[in-house]
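Residue numbers (my numbering): 1025 to 1316. One structure below.
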Ligand SMILES: [Zn+2]
Ligand SMILES: [Zn+2]
Ligand SMILES: [Zn+2]
Ligand SMILES: [Zn+2]
């Protein structure tokens, strides 16, 4: 069976790339001439064969949505005799009754549509990304893609990680400082809700200051960046006030938009030791690869 691919139509580069997929030599001679010029490895041949079995199609995206909740369909998919397709959540929620026509009998798993969806590929919808990914995993790719949209914590700007770092460095430069991984630096907490730091690889880091903690201040670090598979970070925070020392090491969260929610793990600095608007914090941020 041929494997359809979906193009969302807004990526000229990827469209070109995919167009190549459907291009075949005009005749067999032409093909053998091409082959004779350069020895083709087995791998390339296999890849070419794989590509030649694919077709490129464009369809209305909502064809692949559940007829009840209108969310994208993923296997297992169910179907009633009147051709209404539904996701497994709706199937369970309506206890096996078709939510569109109330048919209670003969609801079956729609294996044909499952097979189509499993074989589909789709272009990443993040501007700048020309990757084509499995339809089933597009959401996780789009979340971790380095072109995923990240949001400025100061204003309504949004853009990929690199353009957000550039935006912050240009527009909010007074409130943003650059730092190097592994090197400790000091920062002063006064009235702000967070302090912002830009890493050499264009990730934003926020030192969050939580004043809703009973009896003191909660300090933690998050990064505004996509949850890339090959990136993690840890951080050390320490506060030294006339010999009273508080220190914490923690793994940090990565989010694309900070919504004023503070992490559950934080360094607690009691008000009786440090005035909540006069805290010198020493910060060290280390990046680590998840797979090493
Ligand atoms: Zn549904
Ligand atoms: Zn129905
Ligand atoms: Zn992408
Ligand atoms: Zn901004």
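For glycine and all other residues, C-beta sits at the position ideal for the given N, C-alpha and C.
Helix, strand or coil at residue i according to DSSP, with G and I counted as helix
i            : result
residue 1233 : strand
residue 1218 : strand
residue 1156 : strand
residue 1078 : strand
residue 1144 : coil
residue 1068 : helix
residue 1085 : helix
residue 1311 : strand
residue 1269 : strand
residue 1193 : helix
Nonlocal neighbours in the same chain, by C-beta distance under 6 Å from residue i, ignoring five residues either side
i            : result
residue 1226 : 1185, 1186 and 1189
residue 1221 : 1201, 1203 and 1229
residue 1048 : Residue placement at residue 1048 is poorly supported in this model, since its pLDDT is 37, which falls under 50; the coordinates still yield a value, given next. Same-chain partners within the cutoff: there are none.
residue 1142 : none
residue 1153 : 1169 and 1171
Identity of the residue in the options nearest residue i by Cα
i            : options                   : result
residue 1180 : 1192, 1239, 1167 and 1153 : 1192
residue 1167 : 1176, 1178, 1154 and 1148 : 1148
residue 1079 : 1198, 1262 and 1144       : 1144
residue 1129 : 1160, 1231, 1119 and 1194 : 1119
residue 1259 : 1240, 1235 and 1289       : 1289
residue 1277 : 1085, 1297 and 1252       : 1252
residue 1132 : 1125, 1138 and 1104       : 1104
Residues of its chain near residue i, where Cβ-Cβ distance is below 7 Å and the 5 sequence neighbours each way are ignored
i            : result
residue 1158 : 1145
residue 1293 : 1240, 1241, 1243, 1263, 1270 and 1303
Exposure label - residue i; buried when at least 16 CB within 10 Å
i            : result
residue 1113 : exposed
residue 1270 : buried
residue 1059 : Residue confidence for residue 1059 is low, a pLDDT of 46 falling below 50, so the modelled location carries little weight; the figure read from the coordinates is stated next. Classification of residue 1059: exposed, given that the 10 Å Cβ count is below 16.
residue 1210 : exposed
residue 1298 : buried
residue 1102 : buried
Own chain, CB closer than 8 Å to residue i, minus 5 neighbours either side, in chain order
i            : result
residue 1218 : 1177, 1230, 1231, 1232, 1233 and 1282
Integer-rounded CB distance, given that residue j should sit under 8 Å from residue i
i            : j            : result
residue 1198 : residue 1248 : The Cβ separation is near 18 Å, so there is no contact.
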